[in-house]
Amino acid sequence: MSYSLYGAPDSANIIVHMVLEHLAHLVGPDELSYELKWVDWSVKEHRSDQFLSTLNPQGLVPVLVDGDQPVFETAAIVLYLADKYQKLAPLASAMPERPRFLQWLFYLSNTLHADLRVQFYPDRHVVDESAVGPLLEKTRERVAGHLSLLEDELAKNSSGPWLMGEQLTVLDFYLGILCRWSQLYPRGRALSPDVLICLPHLQALLTELEQLPAVVKVFPEHKIRAPFFNQPSPPDLSVEKVSAF
Numbered sequence: 001m002s003y004s005l006y007g008a009p010d011s012a013n014i015i016v017h018m019v020l021e022h023l024a025h026l027v028g029p030d031e032l033s034y035e036l037k038w039v040d041w042s043v044k045e046h047r048s049d050q051f052l053s054t055l056n057p058q059g060l061v062p063v064l065v066d067g068d069q070p071v072f073e074t075a076a077i078v079l080y081l082a083d084k085y086q087k088l089a090p091l092a093s094a095m096p097e098r099p100r101f102l103q104w105l106f107y108l109s110n111t112l113h114a115d116l117r118v119q120f121y122p123d124r125h126v127v128d129e130s131a132v133g134p135l136l137e138k139t140r141e142r143v144a145g146h147l148s149l150l151e152d153e154l155a156k157n158s159s160g161p162w163l164m165g166e167q168l169t170v171l172d173f174y175l176g177i178l179c180r181w182s183q184l185y186p187r188g189r190a191l192s193p194d195v196l197i198c199l200p201h202l203q204a205l206l207t208e209l210e211q212l213p214a215v216v217k218v219f220p221e222h223k224i225r226a227p228f229f230n231q232p233s234p235p236d237l238s239v240e241k242v243s244a245f
């Protein structure tokens, strides 16, 4: 099965990219191959009539195309892939693992990721520019609280470093990127890396994640140098490179 993944450097598509690469390693290239299609922000390709009408009416990435079927929303895509290949997620019949997996997937998507979007773009949520600073401060506090809650959940796991214990799942790829972004964006006003340094179980997960072959392969394609998750750096994109995406 061959897929097309539409995205941009260090956007949410990197989560799907890692999942695809890890699954390809597990099932082999005859069962899963994919093509990464960079969306050109410089010409607003994501706002073009063709993109909006055939891929995602929101004008956002990621979009995964399976045959003639586009799928958007990060959590929906990774859940679709995990269920299709019956890997990187508990089976639908697995109890109590499946409901626990789903609750954390939607927590990452609907709570942590949603608050991070407010942190990235606080100006979109106020009518007066003077409110940006207070909103950003409160949002950083909320993000720090979410990470502390996840730290507590990880501390309960005695069987392994991952959010589901010994089983690596799509949750861990998603969580790793959210931790990365929390420290980076918006530039100069993001969450302090010191917050994550004080969360040892989360630090251990990020350290393990950084060593996975899929992660090591994917990040350079986004022009990102190690370390990827702990005290990370943004993509190394010149004006020329940005126009190429």
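Numbered according to the UniProt record's numbering, the sequence shown spans residues 1 to 245.
Note that CB positions come from ideal geometry on N, CA and C, so glycine has one too.
Check: Please name the residue, chosen from H201, S93 and G176, that lies closest to S158 on a Cα-to-Cα basis.; Outcome: H201
Check: Would M18 pass as a contact of V218 if the rule is Cβ separation under 8 Å?; Outcome: yes
Check: Looking at the unbroken alpha helix (DSSP H) that takes in V43, where does it start and where does it end?; Outcome: Segment: none, V43 is in no alpha helix (DSSP H) and carries neither H nor E.
Check: Drop a sphere of 10 angstroms on the beta-carbon of C179, count the other beta-carbons inside from all chains shown, and report buried for 16 or more, exposed for fewer.; Outcome: buried
Check: I need the boundaries of the beta strand (DSSP E) containing W181, first residue and last residue.; Outcome: Per DSSP, W181 belongs to no beta strand (DSSP E); it is in the alpha helix (DSSP H), V170 to L184.
Check: Could you give the C-beta distance for K118 and V126, rounded to a whole number, given that I count them as a contact under 8 Å?; Outcome: According to the sequence displayed, residue 118 carries Val and not Lys. The pair is not a contact, with the Cβ atoms about 10 Å apart (cut-off 8 Å).
Check: First and last residue of the beta strand (DSSP E) that includes K37?; Outcome: S33 to W38
Check: Need the endpoints of the beta strand (DSSP E) that V63 sits in, please.; Outcome: V63 to D66
Check: Can you list, in chain order, the residues of its chain with a C-beta nearer than 7 Å to that of H113? Leave out the 5 residues immediately preceding and following it.; Outcome: L178
Check: Short check: CB of L171 to CB of L81, under 8 Å?; Outcome: no
Check: Using three-state DSSP, classify A228 as helix, strand or coil.; Outcome: At residue 228 the sequence reads Phe, which differs from the Ala that was named. It is coil, neither helix nor strand.
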